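Below is one structure, written out as structure tokens; the observations come after it.
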Amino acid sequence: MNNSAKVAPAKVVLALDAHGGDFGPGVTVPAALDILQTQPDLEILLCGIEDELRAELKRLGSVGGSEHCLQRLGIVAASHALAPDARPVAAIRRGKGSSLWLALEQVAGGRANACVSAGSTAAILALGVKLLGLLPGIERPALMSRIPSASGHTSLLDLGANLHVSAYQLVQFAIMGSVACLVDSNKDMPKVALLNVGHEDSKGGSVVREAHTMLKELPINYTGFIEGHDIFAGKADVAVCDGFSGNLILKSGEGLASMFFMHLEEALNSGWRAKLANLLSGVSLKRTLERFEPSKHNGAPLLGLRGVVVKSHGNADRAALRHAMLEAVAEAERGVPHLIESMVNDYSIEVDL
88 MNNSAKVAPA KVVLALDAHG GDFGPGVTVP AALDILQTQP DLEILLCGIE DELRAELKRL
148 GSVGGSEHCL QRLGIVAASH ALAPDARPVA AIRRGKGSSL WLALEQVAGG RANACVSAGS
208 TAAILALGVK LLGLLPGIER PALMSRIPSA SGHTSLLDLG ANLHVSAYQL VQFAIMGSVA
268 CLVDSNKDMP KVALLNVGHE DSKGGSVVRE AHTMLKELPI NYTGFIEGHD IFAGKADVAV
328 CDGFSGNLIL KSGEGLASMF FMHLEEALNS GWRAKLANLL SGVSLKRTLE RFEPSKHNGA
388 PLLGLRGVVV KSHGNADRAA LRHAMLEAVA EAERGVPHLI ESMVNDYSIE VDL
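Per the working numbering, the sequence shown starts with residue 88, numbered consecutively.
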């Protein structure tokens, strides 16, 4: 696939669901101003209840950003915000005019290049499919995130958009993950593997075994089955699984990292020797630990839609939300949806359903 064929936008316009997540405008507005100060060519459309957004901007005052930043910040007035736990049916029934609906609508209408929301995964999925539509040849979108591993990082998908999947959908996830990893890491042939309970062809259920057979016929660098521990060992660049398994792996990894940081902090402050060791290790230790900080990995692209949509954790703080927005900017600049469509078309997947 020829990466040079994609055309990056001259500037990126980002639509932000200002009420998505646990903290709403109290986090989304300052995070938007933060990123505008570091991305001079970026424009942001805050989609939300206008009075609340202007109140937050007023509260931030001059601390919020320069005049140049504010000139690149627009407001798209919403009538309401969806509940954090909104289900698909409720999102479609009550979605029109909401902050999430309007953020996605900016992308669908060509007024923005990408959308970021920390809202309900189910609502983002339902409205994303309704307003943007699916790429040709894709049955279901999938959430993907890069998690730290021994080789740098491993792209894992699906992370919860699809609890139950078919073999054909796993194959589609593998293709989408391969494209996203290719443009992210510049690896010509990313290693793609399928999560299973063992490495042998006879292991696992019928769905993963069927997907395994199909993937071996595709011209991607499919390396076979991997187990959960192989993901963190960096034995694949892309690990493919159903959303239930992927979400468990992601949340378990984040929980383990949080526990590790808590115990490490206690150990490094337990006495003068520990404090001295902490001081001597300095920058090297800090850089190593930053690789495993969950906020550094916030932002999961919803691959398979006709536009860039990035899901942030609902409990994301200001720093974590900034990372999700940077992920959306990068996806838009790389033209990931176009590249996925091109690869799916090139492979002309024909499967007897």
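Glycine included, C-beta positions come from ideal geometry on N, C-alpha and C. Note that the structure is a prediction, hence the values are computed from the model and not measured.
Pair within 8 Å by beta-carbon distance, residue i and residue j
i    : j    : result
V252 : V294 : yes
L243 : L389 : no
I318 : S236 : yes
N385 : G247 : no
Q193 : C134 : yes
L169 : S207 : yes
L147 : I162 : no
E130 : V100 : yes
S186 : A105 : yes
L103 : L132 : yes
D275 : G330 : no
V284 : K278 : no
T188 : G182 : Here residue 188 turns out to be Trp, not Thr, going by the sequence shown. Yes; because the gap between Cβ atoms is below 8 Å, this pair is in contact.
L221 : G391 : yes
L281 : A298 : yes
V423 : V270 : yes
A387 : K398 : yes
C202 : V416 : no
E428 : P223 : yes
R174 : A209 : yes
A165 : G184 : yes
K98  : D128 : yes
T241 : G292 : no
A267 : M231 : yes
Identity of the residue in the options nearest residue i by Cα
i    : options                : result
L302 : G391, R198, G113, Q256 : Q256
G311 : A320, F319, V327       : V327
E418 : M263, N283, G292, T300 : M263
A403 : E353, V99, G107        : G107
E143 : T115, V258, L191       : T115
A118 : E137, S204, P96        : S204
H400 : G391, H410, H425       : H410
A178 : I211, K98, G239, S339  : I211
H316 : F110, S339, R180       : S339
E287 : E314, A267, P306, S272 : E314
D433 : I307, E154, R159       : I307
E341 : K383, K322, T300, A323 : K383
L272 : E154, V325, M346       : Here residue 272 turns out to be Ser, not Leu, going by the sequence shown. It is V325 whose Cα lies nearest to the Cα of S272.
Q126 : R421, M430, L413       : L413
H167 : R296, R159, P112, K145 : P112
L305 : D109, S345, R159, M430 : M430
A190 : I136, A354, R296       : I136
L343 : E420, H425, I234       : I234
A323 : R180, S332, S238, E352 : S238
D109 : E154, D138, K145, P171 : P171
L214 : Q158, R180, I225       : R180
Beta-ladder partner(s) of residue i, from DSSP
i    : result
S357 : Per DSSP, none; premise fails for S357.
H167 : S185
S332 : BP columns for S332 are empty, so no partner.
G161 : L132
V100 : E130
Beta strand (DSSP E) segment containing residue i, residue limits
i    : result
G107 : That residue, G107, is in no beta strand (DSSP E); it is neither H nor E in DSSP.
V279 : 279 to 282
S204 : 201 to 204
G311 : 309 to 313
P388 : 387 to 390
A326 : 325 to 327
K398 : 395 to 398
For residue i, the first and last residue of its enclosing alpha helix (DSSP H)
i    : result
L426 : 423 to 434
L302 : 293 to 302
Proximity test, residue i beta-carbon vs the ligand GTP heavy atom, cut-off 7 Å
i    : result
R409 : Questions concerning the ligand GTP fall outside what the structure shown contains, since it holds no ligand whatsoever.
(request) Run through the stretch 216 to 273 for me and flag every whole alpha helix (DSSP H) of 4 or more residues, listed as ranges in chain order. (result) 254 to 272
(message) If we require 4 or more residues per run, which alpha helix (DSSP H) segments fall completely within the stretch 119 to 148?
(response) Counting only runs of 4 or more, we get 137 to 147.
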